[in-house]
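J.: Mind looking over this structure? Questions follow.
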Amino acid sequence: MFHLASSLYDRFSRREQYNILILGLDNAGKTSLLEHLKLVYPGPGEKKKPGERDTTQILKSKRILPTVGQNVTTIRYSTQSQPRHAVNLKFWDLGGQRSLRNMWARYYSSCHGIIFIIDSTDTERFQECYDTLVDVTRHQSWRDEAGGPGPGHDSVNVPILMMANKQDLPAAVDLVSLKTGYFIDLVSELDASDSKLLPVSVLENQGIRESLDWLVSRIVYNKTNRLPEYR
Ligand SMILES: Nc1nc2c(ncn2[C@@H]2O[C@H](COP(=O)(O)OP(=O)(O)OP(=O)(O)O)[C@@H](O)[C@H]2O)c(=O)[nH]1
Ligand SMILES: [Mg+2]
Numbered sequence: 001m002f003h004l005a006s007s008l009y010d011r012f013s014r015r016e017q018y019n020i021l022i023l024g025l026d027n028a029g030k031t032s033l034l035e036h037l038k039l040v041y042p043g044p045g046e047k048k049k050p051g052e053r054d055t056t057q058i059l060k061s062k063r064i065l066p067t068v069g070q071n072v073t074t075i076r077y078s079t080q081s082q083p084r085h086a087v088n089l090k091f092w093d094l095g096g097q098r099s100l101r102n103m104w105a106r107y108y109s110s111c112h113g114i115i116f117i118i119d120s121t122d123t124e125r126f127q128e129c130y131d132t133l134v135d136v137t138r139h140q141s142w143r144d145e146a147g148g149p150g151p152g153h154d155s156v157n158v159p160i161l162m163m164a165n166k167q168d169l170p171a172a173v174d175l176v177s178l179k180t181g182y183f184i185d186l187v188s189e190l191d192a193s194d195s196k197l198l199p200v201s202v203l204e205n206q207g208i209r210e211s212l213d214w215l216v217s218r219i220v221y222n223k224t225n226r227l228p229e230y231r
C-alpha cells in the first residue's frame, strides 16, 4: 500500500525522465548534437534559455574532440504538439570509434530510445555504418531482457531515430537515395520496429526539432513497455 501511494506521489509530483542513447560511427556528429541541445534547451530546473541563438556560429567556434568516454546532459523538452507536457530527456553521447563500440551495450537496458547518427557524406563507410546499426538492434541484451527469444522479442524494443546528418554539405547523400539505395535493407528490416530515418544538419540546426518530436512521441507511446524514471 505504501509502495503504491509513493509511486502515485512520484507520478504526480515529479517529471517523467527518459534516457536516450546517441550512437553512430566516429565523426558522425554525436557530440555536436549534444552541444546543440545544451545551447537550445533548458536543464530540468532552469528557466527558459534566452531566445533563439545562432547555434551554428557557436558550434563552429567550439573545438569538439573525439569522445573517448561519455558525455551526458539532461534537458527539459516538450513536443510542439503537446507544449504543456514537459519531460526530462537525459542524453548519453558515447564514443563512436570502433574500439569503443563494445561499451554501448552496457546502456541498452536502461535506455528508452536511440538516436543513431549517420554521416551522409561518408559513403565509404556506409556499409560499416549499416553493420554497426544492425549489431545494435540485434544485440543479445534486448533478448535477455524480454525473457528469451520468441515472436516480437528477438530485436530492439525501443524507438530508433536515424539522423542522416551533414545535409548542409554538397557531398551529402539525400534522404531518398539513402532510403532506396544504401540503407534500403536496413529501412525495411527496421520497419517492424519503431524507427525512422530523417535528414538533419546539426551544424545548421535543420530538422532537429522535428526529429526529436518524433522520437519523444514514440518514447512516450512506448512507456508501458519501458517505464519512465521520475525526477
Ligand atoms: N558540415 C557539418 N559538419 C558537422 C555536422 N555535424 C557535425 N559536424 C562535424 O563533424 C565533425 C565530428 O563531429 P563530432 O560531434 O565530434 O562527432 P562524434 O560523432 O561525436 O565523433 P566521436 O566522438 O569520435 O564518436 C566535427 O568537425 C563537426 O563540426 C553537420 O551537420 N554539418
Ligand atoms: Mg563525440
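Under the UniProt record's numbering, think of the first position of the sequence shown as 1, with each following residue one higher.
All C-beta atoms, glycine included, are put in the ideal place defined by N, C-alpha and C.
With DSSP as the reference, label Glu-204 as helix, strand or coil.
T.: Counting from one through the sequence shown, the residue named residue 204 turns up at place 204. Coil.
J.: Pull up the distance between the alpha-carbon of Val-176 and that of Val-158, whole angstroms please.
T.: Along the sequence shown, one-based indexing puts residue 176 at 176. Along the sequence shown, one-based indexing puts residue 158 at 158. Those two C-alpha atoms are separated by around 24 Å.
J.: Short of 6 Å in beta carbon distance, which residues of its chain neighbour Thr-137, apart from the five on each side in sequence? Order them along the chain.
T.: Along the sequence shown, read from residue 1 onward, the residue named residue 137 stands at position 137. Ser-155, Val-156, listed in sequence order.
J.: Tell me which same chain residues have a C-beta within less than 7 Å of the C-beta of Asp-93, skipping the five on either side of it?
T.: Here the question's residue 93 lines up with position 93 in the sequence shown. For Asp-93, where only same-chain residues beyond five positions count, the Cβ hits under 7 Å are Ile-22, Lys-30, Thr-31, Leu-34, Thr-67, Gln-70, Asn-71.
J.: If you follow the beta strand (DSSP E) that Thr-119 is in, where does it begin and where does it stop?
T.: Translated into the one-based positions of the sequence shown, residue 119 becomes position 119. Per the sequence presented here, residue 119 reads as Asp, with Thr not at that position. Element bounds for Asp-119: 113 to 119.
J.: Note down the Cα distance separating Arg-209 from Leu-186, rounded to an integer number of angstroms.
T.: As a first step, residue 209 is located in the sequence shown; it is residue number 209 there, counting from the start. As a first step, residue 186 is located in the sequence shown; it is residue number 186 there, counting from the start. Arg-209 and Leu-186: Cα-Cα distance of roughly 24 Å.
J.: Cβ atoms of Phe-116 and Gly-24: under 7 Å apart, would you say?
T.: Taking the first residue of the sequence shown as position 1, residue 24 is located at position 24. Taking the first residue of the sequence shown as position 1, residue 116 is located at position 116. Taking 7 Å as the Cβ cut-off, Gly-24 and Phe-116 qualify as a contacting pair.
J.: Mind checking Thr-123: buried by the 16 CB within 10 Å criterion, or exposed?
T.: Residue mapping note: residue 123 aligns to position 123 of the sequence shown, counting from 1. Its Cβ having fewer than 16 others within 10 Å, Thr-123 is exposed.
J.: CB of Leu-23 to nearest heavy atom of ligand 3: below 6 Å?
T.: For ligand 3, the structure offers nothing, since it holds only ligand 1 and ligand 2.
J.: Would you kindly check if the distance between the Cβ of Leu-37 and the Cβ of Ile-75 is under 7 Å?
T.: By one-based count along the sequence shown, residue 75 stands at place 75. By one-based count along the sequence shown, residue 37 stands at place 37. For Ile-75 and Leu-37, yes; Cβs fall inside 7 Å.
J.: For ligand 1, I want to know if Lys-62 counts as a neighbour, meaning its beta carbon is within less than 6 Å of at least one of the ligand's heavy atoms.
T.: Within the sequence shown, the letter at position 62 stands for residue 62. False, no ligand heavy atom lies under 6 Å from that Cβ.
J.: What distance in whole Å lies between the Cβ atoms of Leu-198 and Thr-121, which are believed to be in contact at a cut-off of 8 Å?
T.: Working through the sequence shown from its first residue, we reach residue 121 at position 121. Working through the sequence shown from its first residue, we reach residue 198 at position 198. Between Leu-198 and Thr-121 the Cβ distance is about 17 Å, and since that is not below 8 Å, they are no contact.
J.: Could you pull the start and end residues of the beta strand (DSSP E) that Phe-91 belongs to?
T.: As a first step, residue 91 must be located in the sequence shown, where it is residue number 91. 87 to 94 is the span of the beta strand (DSSP E), which, as asked, contains Phe-91.
J.: For ligand 2, I want to know if Lys-30 counts as a neighbour, meaning its beta carbon is within less than 6 Å of at least one of the ligand's heavy atoms.
T.: Taking the first residue of the sequence shown as position 1, residue 30 is located at position 30. Yes, since a heavy atom of ligand 2 falls inside the 6 Å radius drawn around the Cβ of Lys-30.
J.: Assuming Met-162 and Ile-118 make a contact with CB atoms under 8 Å, what is their CB distance in whole Å?
T.: Within the sequence shown, residue 162 is the residue found at index 162, counting from 1. Within the sequence shown, residue 118 is the residue found at index 118, counting from 1. Yes, Met-162 and Ile-118 are in contact; Cβ-Cβ is about 6 Å, under 8 Å.
J.: Which of the three DSSP states, helix, strand or coil, is assigned to Gly-181?
T.: In the sequence shown, the residue the question calls residue 181 occupies position 181. Residue state, collapsed to three classes: helix.
J.: Secondary structure at Val-158, three-state DSSP: helix, strand or coil?
T.: Your numbering for residue 158 matches position 158 in the sequence shown. DSSP places Val-158 in coil when its eight states are reduced to three.
J.: Using the Cβ count rule (16 or more neighbours within 10 Å means buried), how would you classify Pro-228?
T.: Position 228 of the sequence shown, counting from 1, holds the residue named residue 228. Its Cβ being crowded by 16 or more others within 10 Å, Pro-228 is buried.
J.: Given this structure, state the Cα-to-Cα distance separating Ile-184 from Arg-84, to the nearest angstrom.
T.: Counting from one through the sequence shown, the residue named residue 184 turns up at place 184. Counting from one through the sequence shown, the residue named residue 84 turns up at place 84. So the two alpha carbons sit approximately 37 Å from each other.
J.: Should Lys-166 be counted as a contact of ligand 1 given a C-beta to heavy atom distance under 6 Å?
T.: Here the question's residue 166 lines up with position 166 in the sequence shown. True, at least one ligand heavy atom lies under 6 Å from that Cβ.
J.: Given a threshold of 16 other Cβ atoms within 10 Å of its Cβ, counted over all protein chains shown, does Ala-28 qualify as buried or as exposed?
T.: As a working mapping, residue 28 is identified with position 28 in the sequence shown. Its Cβ being crowded by 16 or more others within 10 Å, Ala-28 is buried.
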